[in-house]
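Participant:
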Amino acid sequence: MAGLDGPALRILAACTRTEADYDVPDLLPPALEDLGLVLCPAGGVAGQEAVVRALAGRMVAGGLTPRELAARVHRRFGHGLPLAGRLAELDDDYDLLGYGAGTPAQLDAEITAEALRLAPSPPPRRRPAAGPADTPA
Numbered sequence: 325m326a327g328l329d330g331p332a333l334r335i336l337a338a339c340t341r342t343e344a345d346y347d348v349p350d351l352l353p354p355a356l357e358d359l360g361l362v363l364c365p366a367g368g369v370a371g372q373e374a375v376v377r378a379l380a381g382r383m384v385a386g387g388l389t390p391r392e393l394a395a396r397v398h399r400r401f402g403h404g405l406p407l408a409g410r411l412a413e414l415d416d417d418y419d420l421l422g423y424g425a426g427t428p429a430q431l432d433a434e435i436t437a438e439a440l441r442l443a444p445s446p447p448p449r450r451r452p453a454a455g456p457a458d459t460p461a
């Protein structure tokens, strides 16, 4: 892909399967840095929050229903991740429907609002480079 290159990324791309088990853990962080990305440690809070934000973005894009988002986040993180706490509470509220917890539409609206708050902002659109047909004569 054009523009996605860097010394660490080239070294990582050149690794054989045999070398991968030993070299990738050391090469991956600088390769991701070449791409402007950050490696979140497995099981760390930053990684868990990134998962919640990615799922919220998926829901905003139409890949999940509000109920699916709340259920997945609740099932994966329970009530232990502060960033996802409201989604876990709203998933609990689905179980209380019919007992005064509101309507499915109200819960969906609250989950959608929370997803919009959590979802990563889309990257700015790049304008195409001017070509010969775009330049004034």
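Heads up: the sequence shown runs through residues 325 to 461, numbered per the working numbering. Think of the CB as a built atom: it goes at the ideal place given N, C-alpha and C, for glycine as much as any other residue. Being a predicted model, the structure only gives us computed values, none of them experimental.
Run the CB neighbour count on Glu310, radius 10 Å, all protein chains shown included, and call it buried at 16 or more, exposed below.
Facilitator: A query on residue 310 cannot be resolved here, the shown segment of the chain reaching from 325 to 461 and no further.
Participant: Could you spell out where the alpha helix (DSSP H) holding Val369 opens and where it closes?
Facilitator: By 1-based counting over the sequence shown, the position of residue 369 is 45. Per DSSP, Val369 belongs to the alpha helix (DSSP H) from Val369 to Val384.
Participant: Whether or not the segment 357-367 and the segment 399-417 are in contact is what I'm after, with contact meaning three or more pairs of Cβ atoms, one per stretch, closer than 8 Å; do they touch?
Facilitator: The segment 399-417 is not in contact with the segment 357-367.
Participant: With a CB to CB cut of under 6 Å and the five nearest residues on each side skipped, what residues in its chain are close to His398?
Facilitator: Numbered from 1 along the sequence shown, position 74 holds the residue referred to as residue 398. The answer, listed in chain order, is Ala412 and Asp415.
Participant: With DSSP run on the structure shown, which of helix, strand or coil describes Met325?
Facilitator: Taking the first residue of the sequence shown as 1, we reach residue 325 at position 1. The predicted model places Met325 with a pLDDT of 45, which falls under 50 and marks its position as unreliable; any figure quoted below should be read in that light. Met325 falls in the coil class under three-state DSSP.
Participant: Compute the distance between the beta-carbons of Leu336 and Ala355, then report whether it is under 8 Å.
Facilitator: Counting from one through the sequence shown, the residue named residue 336 turns up at place 12. Counting from one through the sequence shown, the residue named residue 355 turns up at place 31. Contact flag set, yes.
Participant: Any idea if Gln372 is buried or exposed, counting beta-carbon neighbours within 10 angstroms, 16 or more meaning buried?
Facilitator: Start at 1 with the first residue of the sequence shown, and residue 372 comes out as number 48. That one is buried.
Participant: Which runs of the beta strand (DSSP E) at least 3 residues long sit entirely within the segment 402-453? Give them in chain order.
Facilitator: Counting whole runs of 3 or more residues, the segment 402-453 contains no beta strand (DSSP E) stretch at all.
Participant: Starting from the Cα of Glu434, find the closest Cα among Gly424, Asp417, Gly330 and Tyr423 and give me that residue.
Facilitator: Taking the first residue of the sequence shown as 1, we reach residue 434 at position 110. With distances taken between Cα atoms, Glu434 lies closest to Asp417.
Participant: Runs of 4 residues minimum, wholly inside the segment 328-357: which ones carry the alpha helix (DSSP H) assignment?
Facilitator: With a minimum length of 4 residues, the continuous alpha helix (DSSP H) runs that stay inside the segment 328-357 are 331-337.
Participant: Buried or exposed: which applies to Val376, given that a residue is buried once 16 or more other Cβ atoms fall within 10 Å of its Cβ?
Facilitator: Stepping through the sequence shown from its first residue, residue 376 is reached at position 52. The residue in question, Val376, is buried, as its Cβ has 16 or more Cβ neighbours within 10 Å.
Participant: According to DSSP, simplified to helix, strand and coil, what is Val397?
Facilitator: Your numbering for residue 397 matches position 73 in the sequence shown. Helix, per DSSP.
Participant: Excluding five sequence neighbours on each side, which residues of the same chain lie with their C-beta closer than 8 Å to the C-beta of Leu351?
Facilitator: Here residue 351 refers to the residue found at position 27 of the sequence shown. Counting only Cβ-Cβ distances below 8 Å, and skipping sequence neighbours, we find Ala332, Ile335, Leu336 and Cys339.
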